[in-house]
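Okay, so here's the structure we're looking at.
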Amino acid sequence: MGCYAIDRRTFLAGAGIVAVVNGSRPPQAFAQEAVPSSSGMEMQRRIGNVIHGYEEQGFHRTGTTVDQISGDWLMGQVRDIGLDPMGENFSLSRIDPINASLILNGRKIV
1 MGCYAIDRRT
11 FLAGAGIVAV
21 VNGSRPPQAF
31 AQEAVPSSSG
41 MEMQRRIGNV
51 IHGYEEQGFH
61 RTGTTVDQIS
71 GDWLMGQVRD
81 IGLDPMGENF
91 SLSRIDPINA
101 SLILNGRKIV
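Mapping the sequence shown onto this note's numbering, position 103 (from 1) lands on 103, and the numbers just tick up by one.
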């Protein structure tokens, strides 16, 4: 299996195309079986585990420590399925307001 490097823009464009193509399928194609198959149940369990793992990382904000942890975790998830992820480093300036309020006619609104 070959290794192909793509940038974020190309990946997102491809993901958008897949979403559009899948969105054109009739609603019946997405209907769940009355009794999920064992593979369907396994898929639900795996998806639930991914969502739970992401949720447990903390408050996600771009440029924070949690954001870095989340990116590293996601790359690990990709590695676990046998692919070779590639990170993209970039600089970012953040402003974190500590306290914000509005004082109007002597009344403070937080």
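C-beta atoms are modelled at their ideal positions from N, C-alpha and C, and glycine is treated no differently.
For residue i versus residue j, is the C-beta distance shorter than 9 Å?
i, j, result
"Gly-63", "Arg-94", "yes"
Based on the DSSP secondary-structure assignment, which residues constitute the bridge partners of residue i?
i, result
"Leu-102", "Ile-109"
Alpha helix (DSSP H) containing residue i: first to last residue?
i, result
"His-52", "38-55"
"Ile-69", "65-80"
Do the region 69-87 and the region 49-58 meet, that is, are 3 or more Cβ pairs less than 8 Å apart? yes
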